[in-house]
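Reading the sequence shown from the start, the letters are residues 1 to 356 in the UniProt record's numbering.
For glycine and all other residues, C-beta sits at the position ideal for the given N, C-alpha and C.
Here's the structure, in structure tokens; my notes come after.
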Amino acid sequence: MHRALGILELVEMVCYNLGPHGDRADGTLAALALTRRSLRDPALDALWNTQDSLIPILSCMPEGVFNLRPHLCSSEEPLRIVRPLAPTDWERLSVYSHRVKTLSAEFESELEEVYPILNLCLSPIALFPNLQTLSWYSESEEEFLCIRIFLTSTLSRLAFTYEPSTTSCSLFSTLGRTCPHLTDLEITLLDDENRSVLNCKATSRFLCSLTRIESVKVPMLEWAALKQIGQFPTLNSLTMFILPDVSPSVPPPSAYIFAGPRNLHLECVYLSEIFHLLQMGSHIHLESLIVEFNMEYSAEEGTRLYTALTVSCSPRSLTHLHLRLGGCSIKNSAEYAITDDMIRIYSASQNSRACN
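Structure (structure tokens):
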């Protein structure tokens, strides 16, 4: 073996570039792991690093635990545990489970009978104890509750799609203690706007406790929470779909509303909401502002918006500005074109690079 392969960092780089990017890459890494003892751990780490299903890890269980081999299960013949689990059944699984760092998965119906057993056996530990990134998609309250199997203190990035309910929203009450190192949070709702109020209250309280948060993408936040997390120095990016009440009757904050975030993305909002939001501060140090409106606006209103931006956003920091109509069919596009006045106003931004 070449002496360069004795350098761990170099071996890890080689394994990373080998995959996993398909069955052939998986086979290459598996073969590499069998080549030499010094290559075993780096190759297995790369092989197991990213997963999109629980089938591979469940396949590490001994024969006789399930009614069939996990990779053969289907919606017609789901996986079932046929005997009580023994401590030794977890030994081989634990050799590989700690290598998984990223999981992007959805509730697998063929594993419906396995999830409750995993939840029972693993509490209070997680199936993947070193997991750093989790993306979980669920379509019901029962499916969402299975997320508990994956929550661990090592998580830094968490994204999930769920149906808000009193039960599911209760997760936020302890999520901060379970995952204290979260830096990225993305929440998507399945249900209607009425139930999103449940999510809004629970999410707002939860986010205010995450002093290390860097990126947030949520449907909506309460006004008090928006003011508080807007001051977090670690917050770099904020995306919302519904703005809280920022009418003129709401008193302006004592500090600039967005002291922390450098990138602000607002989707499906009204132009009047943007005006009121911008009135909450001046010289906001945004680098990127993306606004997607849910209805058409006139060129005159556009000019007002650009004027408000020059007052509220620091011209030394704003480099990217994107305004678009989400899902609207514009009858007369000329009325919504960027005018010379708008360009003149925007050019006041000394570092501007993009305007759409």
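Going by DSSP in three states, residue i sits in which element: helix, strand or coil?
i: isoleucine 242; result: strand
i: tyrosine 162; result: strand
i: leucine 289; result: strand
i: histidine 320; result: strand
i: valine 114; result: coil
i: isoleucine 81; result: strand
i: glycine 22; result: Annotation note: pLDDT 48 at glycine 22 (below 50); position unreliable, no value reported.
i: threonine 88; result: helix
i: arginine 157; result: strand
i: glutamine 231; result: coil
i: cysteine 208; result: coil
i: valine 311; result: helix
i: glutamate 108; result: coil
i: phenylalanine 172; result: helix
i: isoleucine 133; result: Checking the sequence, you will find threonine at residue 133 rather than isoleucine. In the structure shown, threonine 133 sits in a strand (DSSP, three-state: E or B).
i: phenylalanine 66; result: strand
i: glutamate 300; result: helix
i: proline 42; result: helix
Return the residue from the list the options that minimises the CA-CA distance to residue i.
i: glutamate 301; options: Leu189, Phe275, Val95, Arg316; result: Phe275
i: arginine 304; options: Ser314, Phe293, Glu287, Leu271; result: Leu271
i: arginine 83; options: Glu139, Phe66, Glu292, Pro219; result: Phe66
i: serine 109; options: Leu103, Glu142, Trp48; result: Glu142
i: glutamate 77; options: Glu113, Glu214, Trp223, Pro164; result: Glu113
i: proline 219; options: Gly230, Arg262, Leu266, Cys179; result: Leu266
i: cysteine 179; options: Arg157, Leu68, Ala86, Cys200; result: Arg157
i: leucine 118; options: Arg69, Tyr96, Glu91, Cys146; result: Cys146
i: tryptophan 223; options: Leu190, Glu214, Phe258; result: Phe258
i: histidine 98; options: Asp89, Arg69, Cys121, Asp45; result: Asp45
i: glycine 230; options: Asn263, Val311, Leu198, Arg80; result: Asn263
i: leucine 85; options: Tyr96, Cys121, Leu79, Arg69; result: Cys121
Are the beta-carbon atoms belonging to residue i and residue j less than 9 Å from one another?
i: leucine 131; j: phenylalanine 150; result: yes
i: leucine 93; j: leucine 58; result: yes
i: leucine 155; j: leucine 182; result: yes
i: arginine 324; j: phenylalanine 293; result: yes
i: arginine 212; j: threonine 188; result: no
i: leucine 111; j: leucine 54; result: yes
i: leucine 309; j: glutamate 273; result: no
i: serine 104; j: glutamine 51; result: yes
i: serine 168; j: phenylalanine 144; result: yes
i: glutamate 163; j: tryptophan 136; result: no
i: histidine 322; j: isoleucine 290; result: yes
How would you label residue i, buried or exposed, when you count the other beta carbons within 10 angstroms and need 16 or more for buried?
i: serine 173; result: exposed
i: residue 369; result: In this structure the chain extends from 1 to 356, so residue 369 is not present and cannot be described.
i: serine 74; result: exposed
i: threonine 203; result: buried
i: isoleucine 125; result: exposed
i: valine 100; result: buried
i: glutamate 63; result: exposed
i: proline 116; result: exposed
i: arginine 177; result: exposed
i: threonine 152; result: buried
i: arginine 40; result: exposed
i: leucine 277; result: buried
i: leucine 72; result: exposed
i: valine 216; result: buried
i: serine 140; result: exposed
i: leucine 226; result: buried
i: leucine 238; result: buried
i: leucine 286; result: buried
So who's on the other strand from residue i, going by DSSP bridges?
i: asparagine 263; result: Ser237, Ser288
i: phenylalanine 275; result: Note: phenylalanine 275 sits in no beta bridge, so no partner.
i: glutamate 186; result: Ala159, Lys217
i: threonine 50; result: Thr102
i: valine 95; result: Beta-bridge pairing links valine 95 to no other residue.
i: valine 269; result: Phe293
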